[in-house]
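Enquirer: Mind looking over this structure? Questions follow.
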Amino acid sequence: MRTIDQFTALPDAARGLSIALGNFDGVHKGHVQVIRSAAKAASAKKCDLGVAVFHPHPKQFFMPSSAPSNLQSAAGRARSIQNLGAKVFYQLPFDRAMSLMSDADFAQKVLHEGLGITHVSVGENYRFGRDRVGTATSLQALGQQFGFSVDAVPLAGGEQRYSSTRVREALQAGDCETASSILGRLWSVEGRVEFGQQRGRTIGVPTANLSLAEYIRPRFGVYAAFAQIEGEGPVLPGVVNIGTRPTLEGKEERLEMHLFDFTGDLYGRMLDVSLLHFLRDEKKFDGLDQLKNQIGQDIKKAQKLTHAYLQVDPTGSS
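Here my numbering is used: the first residue of the sequence shown is 730, the next is one more, and so on.
So this is what it looks like as structure tokens:
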């Protein structure tokens, strides 16, 4: 998949595509429906599939201090989009000039003259243009004017509405099940394993430490989870703590994962950690003995949950 960060002076191979347009944070089930709609049009029109997003996210441009945290890393989003068949990934630069474009100007200058699209699929609630005046309905009218077809795709399955906001709300409540039902997979954090204080080793529970970086902070606490080591085979079950480790006087927000029956060296390796089920809130214990006892109970619960899950889904992903 080719990544392009402009919409002018494009090579011929990056023009004339059927595209899906949106933010696609998390690439949830609704996003997949939009991208598949564009893929269907690409097949009918005998052209390649593209996916277009704004970079940075408009909310990050207008309100950088209060913009929502990411559900997925940039690399993770790109992989998800590529896995859905996209040949070109447009990261449209969202700057002051873009923010001032009317909906008609965006359709003409970016979609028609810039990308030269043959088709665009959007979510039925998509808004665009200055002051977000453009809608999926107005885009359909503009498509007729500039010669490209438009599909407005419902972002729902049955009675469930798919949205990135609902995923964030579920994660912040510790509701992994609702989050995964919208995403179509377990929510995950990927990062490089960093050196920690190695306190876990002193109580017989070594952990792999990941920075939460720009990810949304799920409910602080302990989770049953899985990890995928980059370049290696099946997922590994374990137990995760997300938070500040109050018993150890920690302050930095981190993810720490203890892998069951694993003895290898993970420092510097890329790890993709998927949350299965929330076990309990993070708390401060009176001492290390009390903490060690509670971790033992957490491990037993997590082992039972991960074992049962792998009987249904051996990949540990959906």
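From the three backbone atoms N, C-alpha and C, an ideal C-beta is built for every residue, glycine too.
Name the one or two DSSP bridge partners that Gly972 has.
Expert: Arg983
Enquirer: If I follow the unbroken beta strand (DSSP E) through Pro822, where does it start and stop?
Expert: 817-822
Enquirer: So, at 7 Å on beta carbons, what are the nonlocal neighbours of Asp788 in its own chain, with the 5 sequence-adjacent residues on each side left out?
Expert: Sequence inspection shows Lys at residue 788; the Asp mentioned does not correspond to that position. Closer than 7 Å at the Cβ level, and outside the excluded window around Lys788, lie Ala796, Pro797.
Enquirer: Measure from the alpha carbon of Pro966 to the alpha carbon of each residue in Thr973, Ala954, Gly972, Gly960, then state which is nearest.
Expert: Ala954
Enquirer: Does the beta-carbon distance from Leu778 to Gly814 come in below 8 Å?
Expert: A contact, by the Cβ cut-off of 8 Å.
Enquirer: Report back the beta-carbon spacing between Met999 and Ala937 to the nearest angstrom; my notes put them in contact at under 8 Å.
Expert: That belief does not hold up - the Cβ atoms of Met999 and Ala937 are roughly 11 Å apart, past 8 Å.
Enquirer: For a minimum of 3 consecutive residues, which ranges assigned as the beta strand (DSSP E) are wholly contained in the segment 738-773?
Expert: 747-750
Enquirer: Which of the three DSSP states, helix, strand or coil, is assigned to Arg921?
Expert: strand
Enquirer: Look at Val851 and Ile810 and say whether their C-beta atoms are less than 8 Å apart.
Expert: Going by C-beta atoms, Val851 is not nearer than 8 Å to Ile810.
Enquirer: Give me whichever residues DSSP pairs with Phe989 in a beta bridge.
Expert: In the DSSP output, where bridge partners are listed per residue, Phe989 has none listed.
Enquirer: Measuring alpha carbon to alpha carbon, tell me which residue in Val964, Phe823, Thr847 is nearest Gln1040.
Expert: Val964
Enquirer: Going by the CB atoms, is the gap between Leu746 and Thr894 shorter than 8 Å?
Expert: no
Enquirer: Is Phe823 near Phe790, with beta carbons less than 8 Å apart?
Expert: Contact flag set, yes.
Enquirer: For Gln811, which of helix, strand or coil comes out of DSSP?
Expert: helix
Enquirer: Please report the distance separating the alpha-carbon of Val756 from that of Lys1021.
Expert: Rounded to the nearest angstrom, the gap between the Cα atoms of Val756 and Lys1021 is 38 Å.
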